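Residue numbers (the UniProt record's numbering): 1 to 329. Just so you know, even glycine gets a beta-carbon here, dropped at the ideal spot from N, CA and C. Predicted, not measured: the structure shown is a model, and the values here were computed from it.
Here is the structure:
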């Protein structure tokens, strides 16, 4: 089962139920219900927790037990609940510790747009909420089209004011909106650790074994020629988050003659940093599928052992339908 199909499982119903509980029974009840809800999701999805155990065992350097699995799922459910509050601007009682903000502020002061390269590690909404608290520039999230549709549906239910901040890849105006956002000095968020089926992948060692990462996000950053920072919204317990901004590249500018090799090098740096963050914060890892499983190889696919075929002239190559990242969920 692909991670896209797994992500669909019960998500709409869970969203409606959680919104109803928060609105009618209050946050205290919702917080209490996180414990049985976490147990339910853990016990009802053996494929997911099997994949989680593999990841956690590698990240922790020991065999992961049920307590480890529960901690990871509880972190995920907690960030899901927090999204309902953060998207509505209800940040009272939340604690945000921010590191590296000075790097972002310097770019904003210079009116230089910036790409925020993230992953499904922690909460994207925690970072978004920080932007809502006085960020002087616009913030857009670039998503693959089907994830953008789910995010838009989520925002329509929870926070309609955020619907315009989602830019679906594949639409004629997507690249133009991204480019104009950066030209106005705005921030463009992209998750670069996964994407849908059919994307061009590059294989890099991740926690001891090669894993496929989409080329699209880095290729897109190379086309947009904007500064790139790594960004993570790490959950540290009930209503406590650490927002990290780390300079990554003043510009991703691969040489025309060595485009693929240069992109491979840049992606290797991203994967190395993501690996370090995953080891430090394993329970914030929200990819609940076999991260190391290679996709089926079709007759027209001839990938070398450690990287995908050279990218085409398109900003994201033949894997354009994968977009520049996963969802911002």
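Residue j beta carbon less than 8 Å from that of residue i
i, j, result
"residue 232", "residue 122", "yes"
"residue 353", "residue 81", "What is shown of the chain runs 1 to 329, which leaves residue 353 out entirely."
"residue 230", "residue 281", "no"
"residue 76", "residue 291", "no"
"residue 228", "residue 117", "yes"
"residue 51", "residue 289", "yes"
"residue 162", "residue 87", "yes"
"residue 100", "residue 132", "no"
"residue 337", "residue 190", "The chain is shown only over 1 to 329; residue 337 falls outside these bounds and no answer can be derived."
"residue 210", "residue 195", "no"
Same chain, Cβ closer than 6 Å to residue i, five either side skipped, listed in chain order
i, result
"residue 140", "165, 167, 181, 188"
"residue 307", "Only weak support is given to the placement of residue 307: the predicted model assigns it a pLDDT of 41, under 50, and the value that follows is read from those uncertain coordinates. Closer than 6 Å at Cβ, skipping near neighbours: 202, 203, 264."
"residue 186", "113, 137, 138"
"residue 102", "none"
"residue 268", "204"
"residue 262", "254, 255"
"residue 206", "271, 275"
"residue 26", "none"
"residue 95", "240"
Alpha-carbon spacing of residue i relative to residue j, whole angstroms
i, j, result
"residue 193", "residue 111", "28 Å"
"residue 21", "residue 78", "14 Å"
"residue 19", "residue 258", "50 Å"
"residue 170", "residue 144", "7 Å"
"residue 222", "residue 199", "17 Å"
"residue 15", "residue 154", "8 Å"
"residue 69", "residue 120", "17 Å"
"residue 244", "residue 105", "13 Å"
"residue 24", "residue 158", "14 Å"
"residue 275", "residue 127", "20 Å"
"residue 125", "residue 72", "18 Å"
"residue 217", "residue 279", "23 Å"
"residue 247", "residue 98", "14 Å"
"residue 63", "residue 53", "8 Å"
"residue 294", "residue 160", "38 Å"
"residue 91", "residue 260", "43 Å"
"residue 197", "residue 296", "10 Å"
"residue 66", "residue 220", "39 Å"
"residue 40", "residue 47", "14 Å"
"residue 150", "residue 176", "22 Å"
"residue 60", "residue 250", "33 Å"
"residue 173", "residue 36", "43 Å"
"residue 134", "residue 208", "41 Å"
Other residues of its chain near residue i: CB distance less than 8 Å, five sequence neighbours each side excluded
i, result
"residue 136", "108"
"residue 298", "Caution is warranted here: a pLDDT of 49 is assigned to residue 298, below 50, making its placement in the model unreliable, and the coordinate value is therefore given only provisionally. Taken in chain order, the list of residues that qualify is empty."
"residue 31", "81, 238"
Same chain, Cβ closer than 7 Å to residue i, five either side skipped, listed in chain order
i, result
"residue 17", "none"
"residue 93", "239"
"residue 236", "242"
"residue 38", "70, 73, 74, 77"
"residue 42", "49, 69, 70, 73"
"residue 156", "163"
"residue 273", "230"
8 Å Cβ cutoff, residue i in contact with chain C
i, result
"residue 280", "Considering every chain present, this structure includes no chain C. It has just one protein chain."
Classification of residue i by the beta-carbon crowding that lies within 10 angstroms, buried from 16 upward
i, result
"residue 44", "exposed"
"residue 29", "exposed"
"residue 283", "buried"
"residue 334", "A question about residue 334 goes unanswered here, because the residues of the chain that appear run from 1 up to 329."
"residue 49", "buried"
"residue 178", "buried"
"residue 212", "buried"
"residue 58", "buried"
"residue 277", "buried"
"residue 286", "buried"
"residue 184", "exposed"
"residue 142", "buried"
Residues bridged to residue i [DSSP beta-bridge criterion]
i, result
"residue 115", "188, 228"
"residue 240", "95"
"residue 85", "Answer by DSSP bridge pairing: none, since residue 85 is not bridged."
"residue 14", "Answer is none; residue 14 lacks a bridge partner."
"residue 202", "213"
"residue 143", "168"
"residue 351", "Residue 351 lies beyond the residue range present for the chain, which begins at 1 and ends at 329; the question has no answer from this structure."
"residue 122", "233"
"residue 285", "121"
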